[in-house]
Amino acid sequence: MGAFFALGLFQGAVYGLLAVGIVLVYKAKRVFNFAQGEFGGVAAFCAFGLTVALGLPYWVGVVGGLAAAVAMGLVVERVVVRPLESSSRTIMLVALVGVALFAVAVTVLAAEPVPRVMPPIVEGGTVDILGAGILPQQLILLAVLAVLAAAMAWFFKTDLGLAVLASSQDLRAAQVVGISPTAVSRLVWGLAALLGGIAGLLYAPVGIFTPGFMTFTMLVPAFAAAVLGGMTSLPGAFIGGLAIGVVQNLGIYLLGQQLAVPGAAELGVFALLMLVLLIRPQGLFGKAV
Amino acid sequence: MKRTGRHLLKADGLGLRFGGLQVLDELSLTVPEGRIVGLIGPNGAGKTSCFNCLTGIYRPQRGRVSFDGRDVSRLPTHRRARLGMTRTWQNLGVIDSLTVTENVMLAQHQRAGYGALAGILGMAGTWHRERELRRDAAEILDYFGLADVAGERVAELPYGTRKTCDMAMALASDPKLLLLDEPASGLSPEEALGLADTLRELRDRLRLTILMIEHHVPLVAEVCDYVYVLNFGRLLTEGGPEEIQRHPDVIAAYLGDGHATA
Amino acid sequence: MTTATLVLTRVRIRGRLGLVLRVVLVLAALALVAYPLFYGGDVWAQRISRAAIYAVIGLSINTLTGHAGQISLGHQAFVGIGAFSAAFMASQLAAPLGFGLAAAALAGTVTALLVGMVALRVTGLYLTLVTLAFGLTAETTIFNWREFTGGGAGAFAPRPALVETDFAYAVLCLGVLALVLYVDWRLVSTKTGRALAAVRNNEDIAATLGVNVTGYKLGAFCFSGLVAGLAGGLFAYWNQVVQALDFEFQVALVWVLMTVVGGLRSRLGVIIASSFFALLPLTLPNFLSGLPWQPPFLNEAVYHVLPPFIVVVMLLLVLRFFPGGIGQLLAPVTRRGGPKGAKR
């Protein structure tokens, strides 16, 4: 059971990383970003193409992957988000679902939909933590999550971060600070895409990856993590991610292994999401209205 | 028949806090039946928050609200509305995607007289009731001079017309109490005076009770029987309109201390 | 382009000409269905059934997203639960078709009620997240529950004698579609439609007008679940076998996008778009293999991704240039004109 706990904690790190990006967009735009996972998916595929397929050095793959993610973020901002600024949030959400589906479809068309293996940043055997074998890659993932969550929390204390927050409430407020709403919007989506890209690059080497892996398996737990953390709290997203990872793996242990219920991981996430909305809809760190 | 002195609405010690911000503090006010009461104060004094507490959109942490002789503090917004509490909005409460007629019929929601399911299934009585509602709506639109635009979508109408439609909706809901949030904003001085006549007519002929937030001082002086002044979420003072206009605290709050000494 | 759109939305064909145009449009649509139904043989009867089932699904999503402004990304789960319920009734209990369809509708409603009671109490679009998580859970847990779904082989739903032929079954599907259309029409033209319009525009305004916001959202979701379940039941008897594979979660995303492409709150638009996406996977391989030049990258996997790819491209174009979808393009004809016509 301890092993499942440890596995969950490290699995949760990637949810937390995605959740931080989701929270960033939600704080600034009040919209659930369904494209967050695919930023990572696109980054992973570009990095794989550069390093494994073309045989370039690893750092080229990392830079290329992140650049692709950021470029995608900026294109999404310009082509989808900004033209729909005045539409309802329902339409915006549908459009972002469309973006995710589009990215998955393009990856399938561009690359064969077969499982791939991405080499990790650090080679080496697993480390034993509470009886679970943890890859060095996963240790890096958890550390990066902690650093990025702290960095984002700090960012929202700076003038620039406050301007981003202000833009969600009132366009004029951002203009008073001297930053155009357009620049704020670009910044938010660029940053969110960068975070998503990092998540994708760090997670791809943990297992095998297929087109759409970030959206189809990572995105829902990441959203659950963001909701658990209160949707607007960065520390909440961090802790929520780890908690979801742990709950999911305990679900696998208790429901899956002990009771032989199929799909225990998904069931665990769904049950937790329902429980949070039922008992504490503002999340662990959100403010009650 | 007119029972004066009975309180239609009573708020007692309302306290509302958002995080560290005290929005309303120990706010008490009463609105007697058949009167027009004003609620004034500088921007950010908590007037609209007060309306939100009265209608149940915000749940204040402290205090209670009673309406028409019953404690409504725990009732959700739509239940309070059904008791006869109607409000208008600073940014208008019209629904853009509906026509003027449909907006007025929407305001008649609570007295449609048939269940949602019966309507969906097209049960016999509902067709007849819909026709009646449509006729009632047409009458109200006639009264407000909106008959010409009855079939137009609200989104396509100029601001003044939308505002009139908002007022028509407020009346169509068959209220006991009207909560008006800045009814004169966006109106010209002449239109504001016309509004004063309308409000008095509503009070005298339809026996409506009105609580209104307003910045336009001449209008407040003209129609209000009693005025509450709010500043920083607290009650600054209360009294008749003439009294209030002369009150030094009110002048200071409106002009700011800097202006008072300059 | 924007100006062109603007002109298009403002054009109203009034009076008698408008009426004639609408009648012609409806007759043309009926002819478009009737011709292949009577002369196209079993193949086309099957296709028309499938298109009608998809249209029912599109209208189910339209109720939730178009009328109530909420999104479900797990609708394939509701359709799937309906399908498996109908198959369970048919194969395990040997119940008649009517009971099977009723069970499907009931299963969809109850599921929506349970999910919605939790997710719709909270303001915002949390239903989107909850339904997405539910869809995944349904796919991995409920649809893998062997006693209910028959495992990998699937559950069987043999058609009763009355609707055994593909022609009879197509008529049944079209009948259900007509019923759903009638209800949607009644919904829009009674107090429910007005209340839902208020709810999706501004929940606070709706509440101060006496509308029970949570109640209406939940009602809309339950009705959407009912119709989705019913569509699932129809699907079960159409295919005569139901497999978990038919209800992968990506399908739900395509359905939502397809409904928006058709045009929220436009009945005709939703039907056109739904039919198109119902027939696309059936006709696309034939169409592509009939091309004079075969692109080298075409294979089975690509056929699988092409419909989502096409729907997304259409969605992005639609949102950019005519946000009302196909329904907006049809609006000059379908909208009742004239100053007296108080409808939209």
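The listed protein sequences correspond, in order, to chains A, B and C.
Throughout, our numbering is defined as the position within the first sequence, counted from one, plus 662.
Throughout, our numbering is defined as the position within the second sequence, counted from one, plus 77.
Throughout, our numbering is defined as the position within the third sequence, counted from one, plus 4.
A virtual CB, placed ideally from N, CA and C, is assigned to each residue, including glycine.
Put simply, the backbone Cα of B:Leu85 is about 14 Å away from that of B:Thr132.
Residue environment: A:Ile870 is assigned as exposed (fewer than 16 neighbouring CB atoms within 10 Å of its CB, all protein chains considered). Within the same chain, Cβ atoms closer than 6 Å to the Cβ of C:Leu181 are found at Ala56, Ala59, Val60, the five residues on either side in sequence being excluded. Within chain C, Thr69, Gly73, Gln74, Ile75, Leu129, Arg204 have C-beta atoms less than 8 Å from the C-beta of A:Thr752, given in sequence order.
Looking at the DSSP output, B:His84 sits in a beta bridge with B:Pro109.
Out of B:Val171, B:Tyr191, B:His205, B:Leu279, the CA that lies nearest to the CA of B:Val300 is found in B:Leu279.
The Cβ-Cβ distance between C:Leu178 and C:Val264 does not fall below 9 Å.
Here B:Tyr236 has Gly263 as same chain residues with Cβ atoms under 7 Å from its own Cβ, once five neighbours each way along the sequence are excluded. Rounded to whole angstroms, the separation of the alpha carbons of A:Gln910 and C:Gly236 is 30 Å.
For A:Ala794, the enclosing beta strand (DSSP E) begins and ends at 794-796. Contact of C:Phe227 with chain B is assigned, a C-beta pair being separated by under 9 Å. DSSP places C:Ala161 in the coil class of the three-state scheme, outside both helix and strand.
Here the stretch 135-152 of chain C makes contact with the stretch 918-932 of chain A; the two share three or more CB pairs at distances below 8 Å.
Taking C-beta separations shorter than 6 Å and ignoring five residues to either side along the sequence, the partners of B:Ser250 in its chain run Thr163, Ala184, following chain order. The residue from A:Thr844, A:Ala812, A:Leu810 with its alpha-carbon nearest to that of A:Val826 is A:Thr844. The Cβ of A:Gly711 sits no closer than 9 Å to any Cβ of chain C.
Interface annotation, C:Asn148: in contact with chain A, CB-CB separation under 9 Å. Only residues of its own chain outside the window of five on either side were considered, and among them Val676 have a CB closer than 6 Å to the CB of A:Tyr865, listed in chain order. Three or more beta-carbon pairs drawn from the stretch 302-322 of chain B and the stretch 97-108 of chain B are found closer than 8 Å, and the two stretches are therefore classed as touching. Residues of chain C with a Cβ closer than 8 Å to the Cβ of A:Glu928 are, in chain order, Ala137, Leu140, Thr141, Glu143, Thr144, Thr145.
For C:Asp170, the secondary structure class from DSSP, reduced to helix, strand or coil, is helix. Bounds of the alpha helix (DSSP H) holding C:Ser293 are 271-293.
Within the stretch 129-209 of chain B, the beta strand (DSSP E) runs of at least 3 residues that lie entirely inside it are, in chain order, 139-144, 162-164.
For C:His308, the closest C-alpha among the options A:Leu728, A:Leu763, A:Ile753, A:Ala681 is that of A:Leu763.
Taking a 10 Å sphere around the C-beta of B:His155, we find 16 or more other C-beta atoms and assign the residue as buried.
Against chain A, the CB of C:Thr287 has no partner CB under 9 Å away; the residue lies outside that interface. Going by C-alpha positions, B:Phe144 is about 27 Å away from B:Leu210.
DSSP places B:Glu233 in the helix class (H, G or I) of the three-state scheme.
What C:Thr132 touches in chain A, judged by beta-carbon distance under 8 Å, is Phe694, Leu755, going in chain order. With a minimum length of 4 residues, the unbroken runs of alpha helix (DSSP H) contained wholly in the stretch 246-322 of chain B fall at 266-283, 294-300. With a beta-carbon spacing of about 15 Å, C:Gly229 and C:Ala90 fall beyond the 8 Å limit used to define contacts. Contact check between the stretch 162-176 of chain C and the stretch 888-903 of chain A: fewer than three CB pairs, one atom from each, fall below 8 Å, which does not count as touching. Residue contact check for B:Ala88 against chain C: no CB pair falls below 9 Å. Using a CB distance cut-off of 9 Å, C:Val316 counts as an interface residue toward chain A. One finds His155, His186 in chain B with Cβ atoms closer than 7 Å to the Cβ of C:Val215, taken in chain order.
Straight-line spacing of the CA atoms in B:Leu312 and B:Leu256 works out to 18 Å.
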